[in-house]
């Protein structure tokens, strides 16, 4: 009897050791698979049915060199794969990237002769796309060439290609390009529903103001936001070491003393476009506020390839 009991204990111990080893191996495999499947989202731009430019985040998979990454982004923006979502390509499907180069904070694309436009607005849309997608980080300007030749404008357009900078903005809808050069952009994010999915969509308002007047820019930005309550500042903004601090009136808070997640994201996204801003902090009554994550109805510009 004792021998049977001892054998039973030994067998149970062996089974427990085997189970532990299998569990550890599964955990290692899960971690490995998670690392392998790490998302690599990049921002591209499409056009909706109303000809508004819509930034979309697409998972490109594994990290690659900048040259390959930029080529892949151009390929996606030529694609018709997302038309079922109401998102249409801005670039012609025959467009090819002949070469590209990065030099002194500028990115130069040498493209095939397939940048077709019929109006200044269509040319401005293409230039805004290049600005929004590629003028970030260390890149402040995009230059365009066609089959090795520098271009100043696109055929059928008078919009100068030299406007493709990090100060162009997106969805300007300006008839006069001279006005773009003489003004400062304030980018404002609201939401738009496209084929039953809600997206953050930026529109640029151009203002005549001192480039250092951060309070004026933020006040205009808040005033242009769609919200059921007026949004306003109660104190001066401060911009130190790239961090913009915005002090908001308490009426921005919900009944539970929290801020709407979508509104929070819209303010942060909008303010992040202001010059020299790398981080945005929001304050109410001198207390920094964070959004409450709400999965239901959350706006998300990410789509799967």
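In mature numbering (1 follows the signal peptide of the UniProt record, and there is no 0), the protein residues as written are -23 to -1, 1 to 282. Using N, Cα and C, we set each Cβ at its ideal position, and we do this for glycine too.
Counting only the same chain and skipping the five closest in sequence on each side, list residues whose C-beta sits under 8 Å from that of residue 120. 83, 84, 85, 86, 127, 138, 141
Taking the straight line between their C-alpha atoms, what separation do you get for residue 74 and residue 181? In this structure, the alpha-carbon of residue 74 lies about 28 Å from that of residue 181.
Selection from 130, 112, 228, 108 that minimises the alpha carbon distance to residue 204: 228
Label residue 70 either buried or exposed according to how many other C-beta atoms from any shown protein chain fall within 10 Å of its C-beta, with 16 as the threshold for buried. exposed
Since residue 230 sits in a beta bridge, which residues does DSSP pair it with? 236
Compute the beta-carbon to beta-carbon distance between residue 221 and residue 248, rounded to the nearest angstrom, for a pair I have assumed lies under 8 Å. Rounded, the Cβ-Cβ distance is 6 Å, consistent with contact.
Sequence ranges, beta strand (DSSP E) only - wholly within the stretch 9 to 56, length at least 3: 18 to 24, 30 to 36
Restricting to runs no shorter than 3 residues, where is the beta strand (DSSP E) found entirely within the stretch 115 to 186? Segments of the beta strand (DSSP E) lying fully in the stretch 115 to 186: 118 to 123, 161 to 171, 174 to 184.
Looking at residue 161: is its Cβ nearer than 8 Å to the Cβ of residue 276? no
Local conformation of residue 208 per DSSP, three classes: coil
Using DSSP with H/G/I as helix, E/B as strand and the rest coil, what is residue 101? helix
Residue from 178, 163, 22, 68 whose Cα sits closest to the Cα of residue 239: 178
Between residue 166 and the rest of its own chain, which residues show a CB-CB distance below 6 Å, the 5 nearest in sequence each way excluded? 177, 179, 243, 246, 247
Quick one: Cα of residue 34 to Cα of residue 18, how far? 6 Å
With DSSP collapsed to three states, give me the class of residue 77. DSSP, read as helix, strand or coil, puts residue 77 in strand.
Three-state secondary structure assigned by DSSP to residue 94: In this structure, residue 94 counts as coil in the three-state DSSP scheme.
Reduced DSSP secondary structure (H/G/I, E/B, other) of residue 192: helix
Please classify residue 60: does DSSP put it in a helix, a strand, or coil? helix
Tell me whether residue 100 is buried or exposed, calling it buried when 16 or more other Cβ atoms sit within 10 Å of its Cβ. buried
CB-CB under 7 Å to residue 40, same chain, minus the five flanking residues each way: which ones, in chain order? If you ignore the 5 residues before and after residue 40, its C-beta comes within less than 7 Å of the C-beta of 17, all in its own chain and listed in chain order.
Contact under 8 Å by Cβ, residue 260 with residue 223: yes
Nearest to residue 90 by CA position, among 56, 130, 53, 257, is which residue? That would be 130, whose Cα lies nearest to the Cα of residue 90.
In whole angstroms, give me the CA-to-CA distance for residue 280 and residue 268. 23 Å
Can you tell me where the beta strand (DSSP E) holding residue 224 begins and where it ends? Unbroken beta strand (DSSP E) run through residue 224: 220 to 225.
Please work out which residues of its chain come closer than 7 Å, Cβ to Cβ, to residue 36, disregarding the five sequence neighbours upstream and downstream, and give them in chain order. 16, 17, 18, 281, 282
Where residue 201 and residue 190 are concerned, what is the direct C-alpha to C-alpha distance, given to the nearest angstrom? 17 Å
Where does the unbroken beta strand (DSSP E) through residue 261 begin, and where does it stop? 256 to 261
Three-state secondary structure (DSSP) of residue 280: strand
Note the first and the last residue of the continuous beta strand (DSSP E) segment covering residue 215. 215 to 217
Between which two residues does the beta strand (DSSP E) holding residue 88 run? Per DSSP, residue 88 belongs to the beta strand (DSSP E) from 83 to 88.
Is the beta carbon of residue 47 sitting closer than 8 Å to the one on residue 77? yes
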